[in-house]
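Shown next, in structure tokens, is the structure this report addresses.
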Amino acid sequence: MKIEILGMGCAKCKQLMANAEKAVKDAGVQAEVVKVEDMNQIVGYGIMTTPALVVDGKVLSAGKLLSADEIVKFIGKKGP
Amino acid sequence: MIKPIIDWLVYEILKMPHGAIISEAVDFFLYDTIKIFLLLIVIIFIVSIIRTFFSPEKTRAILSNKRTYTGNVLASLLGIVTPFCSCSAVPLFLGFVEAGVPLGVTFSFLVASPMINEVALVMLWGMFGWKVALLYIGSGLVVAIASGIVIGHLKVEDLVEKFDHKKPGSFIPGAVMTMKDRIDFAKEYTLDILKKIWIYVVIGIGLGAWIHGYVPADFLAKFAGRDNWFAVPLATLVGIPLYSNAAGVIPLVSALTEKGVALGTALAFMMAVTALSLPEFLILRRVMKLKLLVIFASIVGIGIIMTGYLFNFILR
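Quick note, the sequences are listed as chains A and B, same order.
Numbering-wise (the working numbering), the first sequence opens with residue 5 and increments by one.
Numbering-wise (the working numbering), the second sequence opens with residue 1458 and increments by one.
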């Protein structure tokens, strides 16, 4: 699974990145979390508010700082 | 309602002397602080509930392919209720323009959105009364609509930086929010804003109370009164670097108007603080050529200055 965090370096984007990493651990899934800061790519997803969460190329949330628990709901089964 | 409680606290409990400047300043400070924070909590909460019914994506869909005039009016109105932070200015700008929202209409949105915001409104209402708050909304809308129309007529589309990316998808937030989601969001948002601004509010009101008590009335009339034509443009210029401190600036300005600063000058200053922001310009520089940025700032600046003169003229 590939999780992308879209955002141009705002405080909320960094926090979302940290939450996503925690969520991956909590959910116990195999996933790669990457940060996307390039604007061309961000705009390419059609979002207009950052930070955004993209899982396997699909935008799941934009303009919202999701908690780790909320991300777990997106990426799979509840923790161990 | 709050006033008698504060008076009782200051004069009976703290036993401060009646009529002394210090008692009056403390009374003023406590009253304003409590009033403003109550207003902030209530208004920001209500506004954020309203905001959950809007999103930049929905606004874009409404505005795409709208014509000048109708589009500018709609964009300015939507700018008030659409959640937007200047950190998202770039994707928002590109998203609008590429979805066929005319450039002038996009600019109307970009002017109205930061200028008419809930914090500025609460501060204006609390410190100046609802008439001035309404005046601010009204003239803010006019400046946003007019600036957008002018920029639309200038045909400056070639000054938008070219971006090379795949055709953007059109993400629409899918999940339907329940009332509980909306309330949770509003609670979180209200706390977020309060955390960010409370210190500026307290400092602003504190300085305001000090000015209220210690600076002689009409002290500033000579420099910033109605008859000094230079005060309005100067106030507008000074307002540009003060972004994000609207919360602290407004109580200060309120105290200054008591000391002779004309109201139109004060309004121009507050509009410049909120609508013309240096950090936002730096962000927008990534999507527009410097020339467009200068055109944008100048037109909005001129609009603000004209508003300032107008109010100095009619509020005699």
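Glycine residues also receive a C-beta, built at the ideal position from the N, C-alpha and C atoms.
Which of helix, strand or coil DSSP assigns to residue i
{"i": "B:Ile1762", "result": "helix"}
{"i": "B:Met1745", "result": "strand"}
{"i": "B:Lys1612", "result": "coil"}
{"i": "A:Pro84", "result": "Its pLDDT being 44, under 50, A:Pro84 is placed unreliably in this model, and the value from its coordinates should be taken loosely. Residue state, collapsed to three classes: coil."}
{"i": "B:Val1617", "result": "strand"}
{"i": "B:Phe1553", "result": "helix"}
{"i": "B:Asn1529", "result": "helix"}
{"i": "B:Ser1521", "result": "coil"}
{"i": "B:His1475", "result": "coil"}
{"i": "B:Asp1675", "result": "coil"}
{"i": "B:Ile1606", "result": "helix"}
{"i": "B:Phe1511", "result": "coil"}
From the options, residue whose alpha carbon lies closest to that of residue i
{"i": "A:Ala66", "options": "B:Tyr1526, B:Leu1549 and B:Ser1505", "result": "B:Leu1549"}
{"i": "B:Glu1614", "options": "B:Met1763, B:Gly1758, B:Trp1465 and B:Lys1746", "result": "B:Lys1746"}
{"i": "B:Ala1719", "options": "B:His1475, B:Ile1752 and B:Asn1769", "result": "B:Asn1769"}
{"i": "B:Val1558", "options": "B:Leu1520, B:Val1467 and B:Leu1497", "result": "B:Leu1520"}
{"i": "B:Arg1508", "options": "B:Gly1717, B:Glu1481, B:Phe1541 and B:Leu1739", "result": "B:Phe1541"}
{"i": "A:Lys87", "options": "A:Asp30, A:Ala31 and A:Ala24", "result": "Only positions 5 to 84 of chain A appear in this structure, which leaves residue 87 of chain A out of reach."}
{"i": "B:Met1636", "options": "B:Lys1588, B:Ile1506, B:Leu1724 and B:Arg1683", "result": "B:Ile1506"}
{"i": "B:Ile1491", "options": "B:Glu1469, B:Val1467 and B:Ile1463", "result": "B:Ile1463"}
Counterpart residues of residue i in DSSP-defined beta bridges
{"i": "A:Ile9", "result": "A:Lys39 and A:Leu57"}
{"i": "B:Ser1755", "result": "DSSP, once it has assigned bridges, lists no residue as partnering B:Ser1755."}
{"i": "A:Ser65", "result": "A:Leu57"}
Where residue i meets chain A, residues with beta-carbon distance less than 8 Å
{"i": "B:Ser1545", "result": "Met52, Thr53, Thr54 and Gly67"}
{"i": "B:Pro1540", "result": "Thr53 and Gly67"}
{"i": "B:Arg1743", "result": "Met43"}
Distance cut-off 6 Å: residue i Cβ against heavy atoms of the ligand NAD
{"i": "B:Phe1566", "result": "This structure simply doesn't include the ligand NAD, nor any ligand for that matter."}
Under 7 Å from the C-beta of residue i: neighbouring residues of chain B
{"i": "A:Met21", "result": "Per Cβ cutoff of 7 Å: no residues; A:Met21 is ~15 Å from chain B at best."}
Listed by chain order, chain A residues near residue i by CB distance under 7 Å
{"i": "B:Glu1450", "result": "Residue 1450 of chain B lies beyond the residue range present for chain B, which begins at 1458 and ends at 1773; the question has no answer from this structure."}
{"i": "B:Arg1517", "result": "Met52"}
{"i": "B:Leu1648", "result": "Chain A residues near B:Leu1648: none, gap ~13 Å exceeds 7 Å."}
Chain-ordered chain A contacts of residue i [CB-CB under 9 Å]
{"i": "B:Pro1571", "result": "Near B:Pro1571 there are no residues of chain A at all, since even the closest Cβ is about 15 Å away, more than 9 Å."}
Per-residue contacts from residue i into chain E (C-beta, under 8 Å)
{"i": "B:Arg1639", "result": "The question asks about chain E, but that chain is absent: this structure's protein chains are A and B."}
Legend entry - Touching by the beta-carbon criterion (3+ pairs, under 8 Å), the segment 1558 to 1569 of chain B and the segment 1527 to 1535 of chain B: The segment 1558 to 1569 of chain B and the segment 1527 to 1535 of chain B touch, with no fewer than 3 CB-CB distances between them shorter than 8 Å.
Legend entry - Cβ contact check for the segment 1569 to 1577 of chain B and the segment 1729 to 1746 of chain B: 3 or more pairs under 8 Å: The segment 1569 to 1577 of chain B makes contact with the segment 1729 to 1746 of chain B; the number of CB pairs closer than 8 Å reaches 3 or more.
Inset, instruction - Take every Cβ of the segment 1676 to 1684 of chain B, pair it with every Cβ of the segment 1750 to 1764 of chain B, and state whether three or more of those distances are shorter than 8 Å. - result: Contact fails: fewer than three Cβ-Cβ distances are below 8 Å.
Inset, instruction - Answer yes if the segment 1638 to 1651 of chain B comes into contact with the segment 1666 to 1679 of chain B, meaning at least three C-beta pairs across the two stretches below 8 Å, and no otherwise. - result: Remark: fewer than three beta-carbon pairs, one from each stretch, lie closer than 8 Å, so the segment 1666 to 1679 of chain B and the segment 1638 to 1651 of chain B are not flagged as touching.
Legend entry - Inter-stretch contact at 8 Å, needing at least 3 Cβ pairs: the segment 1493 to 1506 of chain B / the segment 1647 to 1657 of chain B: Verdict: yes, contact present.
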